[in-house]
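Just so you know, the protein sequences line up as chains A and B, in that order. Note that the working numbering numbers the first sequence so that position 67 is 67, with each residue one more than the last. For any residue, its number in the working numbering is found by taking its place in the second sequence, counting from 1, and adding 1000. Comments concern the structure below.
Number of protein chains: 2
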Amino acid sequence: MQDSGCCAGLASAPLGESEADELARAFKALGDPVRLRLLSMIASREGGEICVCELTPAFELSQPTISHHLKLLRQAGLIASERRGTWVYYRALPAATDRLAALLASSPRTVEIGV
Amino acid sequence: MQDSGCCAGLASAPLGESEADELARAFKALGDPVRLRLLSMIASREGGEICVCELTPAFELSQPTISHHLKLLRQAGLIASERRGTWVYYRALPAATDRLAALLASSPRTVEIGV
DNA sequence: GCCTTGTATCGAAAAACGTCAAGATAGACA
DNA sequence: TGTCTATCTTGACGTTTTTCGATACAAGGC
């Protein structure tokens, strides 16, 4: 993580074993359609925060299942949660997704032309 | 995929169901440490190509297992293969990873400062 | 033709995952 | 205190994934 976890792309050097292990955990968290939708619902919120009570009814899944997926996203470091009174709010952690994006981008300049 | 699959980030709008399904398949392919290392070994090759005969002995896994992981990466559209004589060569497809990178980047300008 | 070497597929076992119902916990309010 | 609502955790079940040995296929050399 410390040698090339910050900015180097996949193509800059073969990934080490422990590095790959850690990154795979993050990508695995993204490898489920429900979790992807949850993350995008959270991230696309103005203010970056959304109540669980809004997330749960958006899917045809039981409340424990949504809670389970949120827990996995949290354990992967992609989101954070905070309880305020009765409700629990989730927010995205862009630094985590940005790091993964930097890893996947074939060259740091790729995105520049989109500005 | 056609509405926001190209450039829009996760935070621009909640992901649709079919979109999330398709993207999750790609991320699931990245969600295994062996496949991540395989992909980075392929992508980091000058010329972008590497022989399977070089990939297989790099892991303490059986040949069928490596072949299986390569097949999953290929099915996810992340790599392509070509047989030349006795050997099979794999190469990375940067467009695929770039697309995922664009999705994960919190803002299209994020990378610009790194240039 | 036959044999050897590199790679892919098949079939099975073990582990991990997604899902739910039931129960537990946290906070609000009376 | 008690009860009500929102959320999380537990335990179980079926499905998917990872891995392997055995086998099949492809190409080159004899």
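From the three backbone atoms N, C-alpha and C, an ideal C-beta is built for every residue, glycine too.
- Chain A has a Cβ within less than 8 angstroms of the Cβ of Ala1020/B.
- Within the same chain, and ignoring the five residues on either side of Gly1047/B in sequence, no residue has its Cβ closer than 6 angstroms to its Cβ.
- Residue-level contact by beta carbon holds for Arg37/A and chain B, with a gap shorter than 8 angstroms.
- Annotation: the continuous beta strand (DSSP E) that includes Ser1081/B extends over Ile1079 to Arg1084.
- Nearest Cα to Met1041/B within the set Leu36/A, Pro14/A and Ile79/A: Pro14/A.
- Between Phe27/A and Phe1059/B, the gap from beta carbon to beta carbon reaches 8 angstroms or more.
- Within the stretch 1033-1100 of chain B, complete beta strand (DSSP E) segments of at least 3 residues are found at 1049-1051, 1079-1084 and 1087-1092, given in chain order.
- For the stretch 1074-1101 of chain B, residues whose beta-carbon sits nearer than 8 angstroms to a beta-carbon of chain A comprise Ala1092, Pro1094, Thr1097, Asp1098, Leu1100 and Ala1101.
- For a Cβ distance threshold of 8 angstroms, residue set Leu1010, Ala1011, Ser1012, Ala1013 and Pro1014 of chain B lies close to Ser44/A, ordered along the chain.
- Interface criterion met: the Cβ of Leu1104/B is under 8 angstroms from a Cβ in chain A.
- Per the coordinates, the alpha-carbon of Leu1055/B lies some 15 angstroms from the alpha-carbon of Ala11/A.
- If you ignore the 5 residues before and after Ala76/A, its C-beta comes within less than 7 angstroms of the C-beta of Arg25, Ala26 and Ala29, all in its own chain and listed in chain order.
- A distance of 8 angstroms or more separates the beta carbons of Ala1020/B and Leu78/A.
- Non-local C-beta neighbours of Ala43/A in its own chain, meaning closer than 7 angstroms and more than five positions away in sequence, comprise Ala92, ordered along the chain.
- Shown here, Ala1029/B sits in a helix according to DSSP, grouped into three states.
- Inter-residue distance for Ala96/A and Cys1053/B is about 35 angstroms (C-alpha atoms, whole angstroms).
- Its chain contains Cys51, Val52 and Cys53 as the residues whose beta carbon lies nearer than 8 angstroms to that of Trp87/A, once the 5 sequence neighbours on both sides are disregarded; these appear in chain order.
- Note on Ser106/A: 16 or more other CB atoms within 10 angstroms of its CB, so buried under the neighbour-count rule.
- CA-to-CA, the gap between Tyr1089/B and Ala1080/B works out to about 8 angstroms.
- Per the coordinates, the alpha-carbon of Arg1099/B lies some 26 angstroms from the alpha-carbon of Glu49/A.
- Your pair Leu1104/B and Leu104/A checks out as a contact, with CB atoms roughly 7 angstroms apart and the cut at 8 angstroms.
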